[in-house]
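As C-alpha cells, the structure follows; a few thoughts come after it.
Written out as C-alpha cells, the structure reads:
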C-alpha cells in the first residue's frame, strides 16, 4: 500500500462488516474503497481533489452508523414487516393476523 494512501481503521467490535460493506457500496462511485482484514477492519480509499480526508471519514462513519441502525431495526421489526407483506396479498378476513402481530410486538420489546 502506498504511504500516502488514506487509511481508515474500524474497530471490528464496534462496526458490523455488513454495515461497513453497505456503506462502502454507497460511496463506490465517488471514492473507490476496499475492505481488508488483519485482525481489524479497514478501508483504503481514494479521494477527489475536492474532498478532505476528515470530511470524507465523517461522512463514511455516519453512513456506517446509519446502516447499523437499519440492520438493528430489521432484526427487531423484520417479522412485523413480513406479516404486513403477507397480509397485503391475502384476504382481509384473516383473524390469525392480530395474534401474529401481538406476538411479534411482544417478542421485539426489550
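Numbering (UniProt numbering), first residue to last: 1 to 110.
Quick reminder that beta carbons are idealized off the backbone N, C-alpha and C, glycines included.
Original post:
Where does residue 9 sit, in a helix, a strand or coil, going by DSSP?
Top reply: strand
Subject >> Residues of its chain near residue 107, where Cβ-Cβ distance is below 8 angstroms and the 5 sequence neighbours each way are ignored >> reply: 79
Subject >> Simplified DSSP assignment, three categories, for residue 84 >> reply: helix
Original post:
Is the segment 48-60 touching the segment 68-77, taking contact as three or more C-beta pairs under 8 angstroms?
Top reply: no
Original post:
So, are the CB atoms of residue 49 and residue 16 less than 8 angstroms apart?
Top reply: no
**OP:** Report the option in 104, 51, 89, 65 whose CA atom is closest to the CA atom of residue 21.
**Re:** 65
Subject >> Residue-chain proximity (residue 70, chain B), Cβ-Cβ < 8 angstroms >> reply: Of the protein chains in this structure there is only one, and it is not chain B.
Subject >> Cβ neighbours of residue 23 in the same chain (closer than 7 angstroms, five flanking residues each side left out) >> reply: 60, 63, 64, 67
Original post:
Which class does residue 16 belong to by DSSP, given the choice of helix, strand or coil?
Top reply: coil
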